[in-house]
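Participant: Going by my numbering, 300 is the number at position 300 of the sequence shown; the sequence numbering is gapless.
Okay, handing you the structure first.
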Amino acid sequence: MPVIPGTDLTVSGLCLGGNVFGWTADEPTSFAVLDRFTDATVSTLAPFVDTAESYGRGASEEILGNWMAERGLRDRMVVATKASRLEKEHPLSAAEIRTAVEGSLRRLQTDRIDLYYAHHDDESTPLEETLRAFDELVQAGKVRHVAASNYSPERLTEALETSQRLGLTRYVALQPHYNLMERAAYEDGLREVVAAHDLGVLPYYALAKGFLTGKYRAGEQVDSPRAERASAYVGERGDRVLSALQQVADGHGVTVAAVALRWLADRPTVVSPIASSRSVEQLADLLPMQDLVLTEEETRALDAASE
Numbered sequence: 001m002p003v004i005p006g007t008d009l010t011v012s013g014l015c016l017g018g019n020v021f022g023w024t025a026d027e028p029t030s031f032a033v034l035d036r037f038t039d040a041t042v043s044t045l046a047p048f049v050d051t052a053e054s055y056g057r058g059a060s061e062e063i064l065g066n067w068m069a070e071r072g073l074r075d076r077m078v079v080a081t082k083a084s085r086l087e088k089e090h091p092l093s094a095a096e097i098r099t100a101v102e103g104s105l106r107r108l109q110t111d112r113i114d115l116y117y118a119h120h121d122d123e124s125t126p127l128e129e130t131l132r133a134f135d136e137l138v139q140a141g142k143v144r145h146v147a148a149s150n151y152s153p154e155r156l157t158e159a160l161e162t163s164q165r166l167g168l169t170r171y172v173a174l175q176p177h178y179n180l181m182e183r184a185a186y187e188d189g190l191r192e193v194v195a196a197h198d199l200g201v202l203p204y205y206a207l208a209k210g211f212l213t214g215k216y217r218a219g220e221q222v223d224s225p226r227a228e229r230a231s232a233y234v235g236e237r238g239d240r241v242l243s244a245l246q247q248v249a250d251g252h253g254v255t256v257a258a259v260a261l262r263w264l265a266d267r268p269t270v271v272s273p274i275a276s277s278r279s280v281e282q283l284a285d286l287l288p289m290q291d292l293v294l295t296e297e298e299t300r301a302l303d304a305a306s307e
């Protein structure tokens, strides 16, 4: 079962991204997606949802909070959100973190956040100040665990060593940009830090901005707000990866997206990949990843295609 190391958070094999709530999915659609996701999560695991104060400038958190309150499901969920940059001069200063968490708690209609991220590194604020502020939130019971997103290997190492030296709550997880099309940034530096400190990894853009759904191919027009960014992967390597994914998907009777997510979930240190869906139909394409088992041969084929 997927467990974030150093915590008691036993989570779903897929982490549902809340970035689309209030953006490409209105509240009724978001409710339907959350309902389907929760129904598809076995009772021994907690449905895991990831959001941030910056997603829709709070709209995502508000929609998730409204849904949890209406359904009475807060205690079943594991909720992750983030202290984001927005227009803040020092986004990870103690004052900004205190303000951010209160806003998130209010919008989420909850008294605690299960996993609270530093959304982006803030080199304008001393790490000690940031980590002490996070520690205060944990001691106060407003946050259960803290984590980092978009940190370099050097800064992540420094943060972990600072926490240890000062006896403060440390980051238990990392949210990096990592998928079949984006491997180098994580595998060539961050992976060693994560393994050395036993962190859990929760990759974002797990489907390469939608490219790994297989919809984006040369000469094809796709009606999606992510089409332009996803099309950056179109080319020889992208075709090679999609071809390998399609072959594996056909063998299992699932979508290429489900295979791409399963490959990522099977990487050492990865707990749950994050993927979003702007409709129940899109979510249905992703859910089979939770029960999918890839053979060693299939995994090697995907590895080779993505190199």
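Quick reminder that beta carbons are idealized off the backbone N, C-alpha and C, glycines included.
It should be emphasised that the depicted structure is a prediction, and the values quoted were computed from it without experimental measurement.
#1: Which residues mark the beginning and the end of the beta strand (DSSP E) in which residue 153 is found?
#2: Contact between the stretch 17-37 and the stretch 66-86: three or more CB pairs below 8 angstroms?
#3: Are there three or more Cβ pairs, one per stretch, closer than 8 angstroms when the stretch 266-281 is compared with the stretch 188-204?
#4: Look up residue 179 in the DSSP assignment and give the residues it is bridged to.
#5: For residue 170, does the three-state DSSP call read helix, strand or coil?
#6: Please name the residue or residues paired with residue 215 in a DSSP beta bridge.
#7: For residue 53, does the count of other Cβ atoms within 10 angstroms reach 16, so buried, or fall short, so exposed?
#8: So, residue 147 versus residue 117, is the Cβ gap smaller than 8 angstroms?
#9: Residues in the same chain with beta-carbon distance under 6 angstroms from residue 60, minus the five sequence neighbours each way, listed in chain order, please.
#10: Closer than 8 angstroms by C-beta to residue 85: which residues in its own chain qualify, once you throw out the five before and the five after it? Chain order, please.
#11: Measuring only the C-alpha atoms, how far is residue 207 from residue 257?
#12: To the nearest angstrom, how far is the alpha carbon of residue 262 from that of residue 277?
#13: Can you tell which of 307, 14 and 178 has the C-alpha that lies nearest to the C-alpha of residue 209?
#14: What are the start and end residues of each continuous alpha helix (DSSP H) run of 4 or more residues lying completely inside the stretch 74-117, in chain order?
#15: Helix, strand or coil for residue 197? Go by DSSP, reduced to three states.
#16: Could you say which of 228, 163, 16 and 152 lies nearest to residue 189 if we only look at CA atoms?
#17: With burial defined as no fewer than 16 other Cβ atoms inside 10 Å of the residue's Cβ, what is the status of residue 164: buried or exposed?
#18: Would you tell me roughly how many angstroms separate the C-alpha atoms of residue 137 and residue 283, rounded to the nearest one?
#19: Assign residue 303 to one of three DSSP states: helix, strand, or coil.
#20: Taking 6 angstroms as the limit between beta carbons, can you name the residues of its chain near residue 58, skipping five residues before and five after?
#21: Checking 8 angstroms against the spacing of the C-beta atoms, do residue 127 and residue 162 come in under that value?
#22: Suppose you measure from the CA of residue 103 to the CA of residue 56; what does that come to, to the nearest Å?
#23: Considering only the alpha carbon of each residue, which of 252, 281 and 180 lies closest to residue 240?
#24: When you compare only the Cα positions, how much space is there between residue 38 and residue 110?
#25: What does DSSP give as the partner residue(s) for residue 293 in the beta ladder?
#26: Under a three-way DSSP split, which group does residue 256 fall into?
Facilitator: Straight from the coordinates:
#1: Counting along the chain, residue 153 falls outside any beta strand (DSSP E), though it belongs to the alpha helix (DSSP H) covering 153-166.
#2: A contact exists between the stretch 17-37 and the stretch 66-86.
#3: By the Cβ test, the stretch 266-281 is in contact with the stretch 188-204, since at least three Cβ pairs between them sit closer than 8 angstroms.
#4: Looking at the DSSP assignment, residue 179 forms a beta bridge with 182.
#5: DSSP places residue 170 in coil when its eight states are reduced to three.
#6: Answer is none; residue 215 lacks a bridge partner.
#7: The residue is buried, with at least 16 neighbouring Cβ atoms inside 10 Å.
#8: At a Cβ-Cβ threshold of 8 angstroms, residue 147 and residue 117 count as neighbours.
#9: The residues 18, 21, 22 and 51, in chain order, have a CB closer than 6 angstroms to that of residue 60 in the same chain once the five nearest residues on each side in sequence are set aside.
#10: Result list for residue 85: 54, 91, 119, 120 and 122, in chain order.
#11: Spanning the two alpha carbons is a distance of roughly 7 angstroms.
#12: Between residue 262 and residue 277, the C-alpha separation is close to 16 angstroms.
#13: The shortest C-alpha separation from residue 209 is found at 178.
#14: List check, alpha helix (DSSP H) in window: 94-108.
#15: DSSP places residue 197 in helix when its eight states are reduced to three.
#16: Comparing alpha-carbon positions, the option among 228, 163, 16 and 152 lying closest to residue 189 turns out to be 152.
#17: The residue in question, residue 164, is exposed, as its Cβ has fewer than 16 Cβ neighbours within 10 Å.
#18: One C-alpha to the other measures close to 33 angstroms.
#19: In the structure shown, the three-state DSSP call for residue 303 is helix.
#20: Apart from the 5 residues on each side of it in sequence, residue 58 sits with its Cβ closer than 6 angstroms to the Cβ of 107 in its chain, given in chain order.
#21: Yes, the Cβ-Cβ distance between residue 127 and residue 162 is below 8 angstroms.
#22: Cα to Cα, residue 103 sits roughly 14 angstroms from residue 56.
#23: Nearest of 252, 281 and 180 to residue 240, Cα basis: 180.
#24: C-alpha separation (whole angstroms): 18 angstroms.
#25: DSSP output for residue 293 lists no bridge partner at all.
#26: Residue 256 sits in a helix when the DSSP states are folded into three classes.
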